[in-house]
Amino acid sequence: MKEFQILHKLIHIFKEKEIREFERTGLSGKELYVLQQIRTDNPWRFNDFAEHYSIKPSTLTGIISRLENKGLVKRERTEKDRKAVYLNCTSSGRDLGKQHIEEDQLFFCSLLSTLEPQEKEQFIGLTKKIINNRELCQ
1 MKEFQILHKL IHIFKEKEIR EFERTGLSGK ELYVLQQIRT DNPWRFNDFA
51 EHYSIKPSTL TGIISRLENK GLVKRERTEK DRKAVYLNCT SSGRDLGKQH
101 IEEDQLFFCS LLSTLEPQEK EQFIGLTKKI INNRELCQ
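Encoded structure:
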């Protein structure tokens, strides 16, 4: 099997996972990713979040609006800096984000379960190398 076919099969596995998550939660992969990152105890400043996770502000605005409409995230302003928008999870958003992380961990444990410990380390190392190369190619 050629390399691109193998990669397409792996991509297909991840897409199937994303479809199952959407069916269960009603959230897209991007929405779940953002929710999972926001769910910390400290609020994120909107611009800092967009920059830190390399998400275009216009894209992040749409994602946050959808999460806010579903009662999972709230935007807040402070008296100190009225121009800045801070992102915070609601309790249901925190719960869903936590559940998503736990499900991701189970998924990856299952996905890598056929590999020996040394092979897992190699897989993680090679994946990091590919990710770093991808970032250089953009």
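Residue numbers (UniProt numbering): 1 to 138.
From the three backbone atoms N, C-alpha and C, an ideal C-beta is built for every residue, glycine too.
Reduced DSSP category for residue i - H, G, I as helix; E, B as strand; rest coil
i, result
"V34", "helix"
"K74", "strand"
"R24", "helix"
"R39", "coil"
"S113", "coil"
"residue 173", "Nothing can be reported for residue 173, as the shown portion of the chain is limited to 1 through 138."
"K17", "helix"
"K2", "coil"
Residue range of the unbroken beta strand (DSSP E) whose run includes residue i
i, result
"N88", "Y86 to C89"
Cutoff 6 Å; reference residue i; Cβ partners in own chain excluding five residues on either side
i, result
"A84", "R45"
"L27", "none"
Host alpha helix (DSSP H) of residue i (start-end)
i, result
"R66", "P57 to N69"
"E51", "F46 to H52"
Cβ distance (whole Å) where residue i is taken to contact residue j below 8 Å
i, j, result
"K98", "N88", "K98 to N88, Cβ: 15 Å. No contact."
"Q37", "H100", "In fact, because the Cβ distance is near 11 Å, the residues do not count as touching under 8 Å."
Chain-order list of residues whose beta-carbon lies under 7 Å from that of residue i (same chain, five-residue window excluded)
i, result
"R94", "R39"
8 Å Cβ shell around residue i - same chain, five flanking residues per side excluded
i, result
"E68", "K74 and R75"
"T90", "G71, L72, V73 and K74"
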